[in-house]
Amino acid sequence: MKTELVIDLEAEKQEILKRYRALLRASKSTLQKGDKKEIRKAFDMALESHKDMRRKSGEPYIYHPIAVAQIAAEEIGLGTTSIVCALLHDVVEDTDITLEDIEREFGKKTAKIIDGLTKISGVFDTNSSLQAENFRKMLLTLADDVRVILIKLADRLHNMRTMDFMPRHKQLKIASETIYLYAPLAHRLGLYAIKSELEDLSMKYLDPDTYKFIAKKLNEKKAERALFIKKFVEPIDEIVHEQGLVADVYGRPKSIHSIWNKMKKKNIPFEEVYDLFAIRIILDSAPENEKADCWKAYSIVTDLYRPNPDRLRDWVSSPKGNGYESLHTTVMGPRGQWVEVQIRTQRMNEIAEKGFAAHWKYKESSNDNGLDQWIQKVREMLSNPEANALDFLDDFKMNLFSDEIFIFTPKGALIQLPLGATALDFAFEIHTDVGATCIGAKVNHKLVPISYKLQNGDQVEIITSSKQTPKEDWLNVVVTAKAKSKIKSSLKEEKRKIAENGKEILERKLKSLKITYNTDNIQKLSYFFKLPSTQELFVNVALGKIELKDIKEYLSSEKEVENRSPERPENLSVDGIKSKIKGGESDILLIGEDMQRIDYTLAACCNPIPGDDVFGFITVSEGIKIHRTNCPNAAQLMANYGYRVVKAKWNKQQELTFLTGLRIVGIDDVGLINNITRVISTDFKVNMRSITVDTNEGIFDGSIMIFVNDTEHLENLIKNLLKVRGVTGVTRFDA
Ligand code: MN
1 MKTELVIDLE AEKQEILKRY RALLRASKST LQKGDKKEIR KAFDMALESH KDMRRKSGEP
61 YIYHPIAVAQ IAAEEIGLGT TSIVCALLHD VVEDTDITLE DIEREFGKKT AKIIDGLTKI
121 SGVFDTNSSL QAENFRKMLL TLADDVRVIL IKLADRLHNM RTMDFMPRHK QLKIASETIY
181 LYAPLAHRLG LYAIKSELED LSMKYLDPDT YKFIAKKLNE KKAERALFIK KFVEPIDEIV
241 HEQGLVADVY GRPKSIHSIW NKMKKKNIPF EEVYDLFAIR IILDSAPENE KADCWKAYSI
301 VTDLYRPNPD RLRDWVSSPK GNGYESLHTT VMGPRGQWVE VQIRTQRMNE IAEKGFAAHW
361 KYKESSNDNG LDQWIQKVRE MLSNPEANAL DFLDDFKMNL FSDEIFIFTP KGALIQLPLG
421 ATALDFAFEI HTDVGATCIG AKVNHKLVPI SYKLQNGDQV EIITSSKQTP KEDWLNVVVT
481 AKAKSKIKSS LKEEKRKIAE NGKEILERKL KSLKITYNTD NIQKLSYFFK LPSTQELFVN
541 VALGKIELKD IKEYLSSEKE VENRSPERPE NLSVDGIKSK IKGGESDILL IGEDMQRIDY
601 TLAACCNPIP GDDVFGFITV SEGIKIHRTN CPNAAQLMAN YGYRVVKAKW NKQQELTFLT
661 GLRIVGIDDV GLINNITRVI STDFKVNMRS ITVDTNEGIF DGSIMIFVND TEHLENLIKN
721 LLKVRGVTGV TRFDA
């Protein structure tokens with residue numbers, strides 16, 4: 001794509017200065033004597049070194065570091081060092097400036113943070129390496145300075161905000177990484193606003209149709225919603241002030257991504273999502289009155305509106321691990337609609353929005369150190385050299401996404417564990433030795449097995465026995481990364497001991513059969529018994545699974561196959577498949593055309609049909625699979641295995657049909673099914689594979705699997721089905 005640019009350099013200069021001044025205003029609250037000079041120096045250096053560079057959009061490159069610095073200051077609340085680092089975050093990588101230059105001008109600390117940032121982008125922007133391993137490296141820098149991660153998040157946020165000029169395949173890769181790695185990280189660091197924006201922006205690129213659909217729906221009812229919120233808030237506002245509380249009460253819309261999640265999770269159309277917004281009551285309280293004021297406000301709200309007793313969340317008494325504090329309740333609004341109300345103080349609100357940095361600021365006045373604990377945990381996980389990067393990421397994400405539960409020790413101390421944690425997890429959390437010798441537990445004084453899933457508030461006493469040792473199947477019982485890695489290393493040690501014993505036994509056995517004990521023979525034996533390693537061979541011998549007679553069997557077979565070499569399965573190589581595609585005119589896989597040359601199938605998880613936005617994924621043993629870019633597995637695949645992804649596009653001229661599903665809901669009416677099937681088979685001549693219908697008190701809910709040509713065909717069919725009398729909703733669903 002070629003774009004012609006007419007640039008007014010003078011106007012651009014003015015604009016750069018304008019943006020710089022806005023940055024200074026944003027950082028004003030943290031500036032101390034001399035800080036302004038430091039920021040100016042960094043700005044001048046960045047401006048000079050990026051001076052001939054432009055972004056994909058044609059804008060001067062310097063806009064980007066200024067914006068990243070502004071996000072760091074304004075949205076994360078970071079101070080001067082971080083602003084300086086953000087302004088300079090790309091200079092070492094992209095210009096002639098060296099780390100030594102930075103250190104000379106700005107000192108060691110700044111140089112170190114910029115070094116971390118340069119290293120991260122170095123490993124992240126290549127296609128060839130495994131993303132999870134890179135992510136691990138990124139987190140390793142946590143040990144040095146959390147600001148590296150925070151500035152990287154600001155960098156990513158600005159790149160996501162300005163991605164329109166990127167080629168499609170890059171948009172997909174960056175958006176996938178964002179939803180898979182960065183958004184959870186922002187969440188865990190307590191940066192809720194940034195997390196939501198990253199999720200929404202990812203969805204805008206990964207699933208543009210749904211994104212636009214929900215955005216449009218939200219916009220349609222905007223005025224009506226505003227009126228509802230106004231009426232709902234008015235009486236609260238009044239009484240809150242009557243009772244002498246200082247508070248800001250307002251409605252806040254939920255993010256598109258979270259609305260979509262709810263629609264999918266509950267399998268409901270947009271119209272049935274009731275909580276499109278939440279009400280917030282932000283109190284201005286003296287530190288000693290915070291908790292009492294929150295409950296006072298709670299009492300006012302629930303006097304006015306009836307609360308749902310199952311929906312009270314008290315994170316004021318027990319804050320979340322990432323520092324979040326708030327009181328949530330759901331009440332019945334005047335129009336018979338549930339409304340979520342969030343109550344917190346200004347201090348709590350700042351922590352909720354800016355996370356880590358605000359946490360830091362209030363640290364002295366708060367005794368909660370959940371974030372410090374978390375960073376400690378990350379370090380523990382990272383320092384384990386055994387951990388495979390992907391395992392690590394799974395464990396890490398498991399710990400990221402799950403909510404926490406709080407468990408009491410017999411003496412009343414509070415231990416925080418991820419949701420789903422078992423008695424055995426708890427034992428390992430107490431101490432490695434307690435975990436390793438655990439035989440059971442008493443939960444609230446009742447005896448339970450080690451696999452017992454703990455509930456929030458349980459009091460747990462661990463029962464141990466000196467005869468107990470960790471078992472292989474314990475790995476299925478625990479969920480915390482800590483317990484997993486301790487069990488693995490202990491099993492490994494155990495195995496090593498058994499293998500040593502087995503090795504001695506095998507030596508004796510071979511001697512009696514007059515076979516020489518050497519590496520070659522040991523490897524041949526392992527191969528014969530189909531064992532992955534010689535260690536496994538020794539273990540099998542030690543456990544008596546391989547006996548003298550088995551070895552004799554090997555001897556006779558060895559004579560039979562003397563000169564035949566073992567056959568090995570043919571491996572599909574990523575490069576081989578890619579060069580096959582590139583053998584054509586472009587590097588894009590044309591679905592429908594390349595079929596003869598290249599082995600591919602349509603993924604069953606998302607059932608793509610022509611017209612869908614798709615990509616190809618080279619699997620280990622099943623050739624290429626075609627997925628939709630909004631497939632539930634897509635982000636994970638693209639983020640971790642970028643090098644296995646191939647661009648794919650539908651070939652227009654084809655007569656094939658594809659299986660997809662439609663969910664039809666409506667008011668049950670005589671002949672409704674007949675009318676639906678008439679539209680499908682007679683009017684549209686579409687083949688149906690199956691139809692399941694559920695009628696319940698006059699509500700019709702049907703799932704139909706049909707064969708269609710492409711998305712246009714499908715959309716026309718949906719349009720006509722909506723015209724059938726009684727039908728209120730038609731949506732496509734995946735298998
Ligand atoms: Mn950047």
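First residue of the sequence shown? That's 1 in full-length UniProt numbering, and the numbers climb one at a time after it. We treat Cβ as the ideally placed atom computed from N, Cα and C, and that holds for glycine.
- Going by C-alpha positions, Asp-155 is about 34 Å away from Tyr-274.
- The DSSP-derived three-state label of Asn-696 is strand.
- Ile-76 places its beta carbon 8 Å or farther from that of Leu-88.
- When the Cα atoms are used, Lys-204 and Lys-217 turn out to be separated by approximately 15 Å.
- When the Cα atoms are used, Tyr-643 and Gly-34 turn out to be separated by approximately 47 Å.
- Its chain contains no residue whose beta carbon lies nearer than 6 Å to that of Lys-488 once the 5 sequence neighbours on both sides are disregarded.
- With a cut-off of 7 Å, the C-beta of Val-68 is classified as near the ligand MN, since at least one heavy atom of the ligand falls inside that distance.
- For Asp-115, the CB stays at least 7 Å from every heavy atom of the ligand MN.
- In the structure shown, His-627 adopts extended strand secondary structure according to DSSP, grouped into three states.
- Burial is judged here by how many other beta carbons sit within 10 angstroms of a residue's own beta carbon; Asn-607 has at least 16 and is buried.
- In terms of side-chain proximity, the C-beta atom of Asp-90 is found nearer than 7 Å to a non-hydrogen atom of the ligand MN.
- In the structure shown, Tyr-61 adopts coil according to DSSP, grouped into three states.
- The secondary-structure analysis by DSSP pairs Tyr-250 across a beta bridge with Arg-280.
- Contiguous beta strand (DSSP E) elements confined to the stretch 611 to 691 occur at 614 to 618, 624 to 628, 645 to 650, 658 to 667, taking only those with 3 or more residues.
- Inter-residue distance for Pro-410 and Thr-469 is about 24 Å (C-alpha atoms, whole angstroms).
- Secondary structure at Ile-609: coil, using DSSP grouped into helix, strand and coil.
- The nearest non-hydrogen atom of the ligand MN is less than 7 Å from the C-beta of His-64.
- Taking Leu-510 as the centre and dropping the five residues before and after it, the same chain places the C-beta of Thr-516, Tyr-517, Asn-521, Ile-551 closer than 8 Å to its C-beta, in chain order.
- In this structure, the beta-carbon distance from Ile-591 to Lys-649 falls below 8 Å.
- Contact annotation: Leu-714 and Thr-660 have beta-carbon atoms nearer than 8 Å.
- Taking every protein chain shown into account, the CB of Thr-519 has fewer than 16 other CB atoms within 10 angstroms, so this residue is exposed.
- For Phe-428, there is no enclosing beta strand (DSSP E); the enclosing alpha helix (DSSP H) covers residues 423 to 430.
- Between Gly-666 and Phe-700, the gap from beta carbon to beta carbon is short of 8 Å.
- A Cβ-Cβ distance of about 14 Å is found for the pair Val-341 and Ile-239, leaving them out of contact under the 8 Å criterion.
- Collapsing the DSSP output to three states places Met-163 in coil.
- Annotation: the continuous beta strand (DSSP E) that includes Trp-338 extends over 338 to 345.
- In the DSSP annotation of this structure, Val-84 is not part of any beta strand (DSSP E); the continuous alpha helix (DSSP H) holding it starts and ends at 80 to 87.
- Excluding residues up to 5 positions away in sequence, Pro-334 lie with their Cβ nearer than 8 Å to the Cβ of Lys-231 in the same chain.
- In its chain, beyond the 5 residues on either side, Met-203, Trp-260, Asn-630 have a beta carbon closer than 8 Å to the beta carbon of Thr-210.
- Per the DSSP secondary-structure output, Thr-731 pairs in a beta bridge with Arg-663.
- When the five nearest sequence neighbours on each side are left out, the beta carbons in the same chain lying within less than 7 Å of the beta carbon of Ser-318 are those of Phe-406, in order along the chain.
- When C-alpha distances from Val-614 are compared across Val-84, Gln-455, Pro-208, the shortest belongs to Pro-208.
- In this model, Asp-425 and Ile-463 are separated by some 13 Å (Cα to Cα).
- Secondary structure of Phe-408 (DSSP, three-state): strand.
- Taking the Cβ of Asp-155 as the reference point, at least one heavy atom of the ligand MN falls within a distance shorter than 7 Å.
- Going by DSSP, Leu-17 is part of the alpha helix (DSSP H) stretching over 9 to 27.
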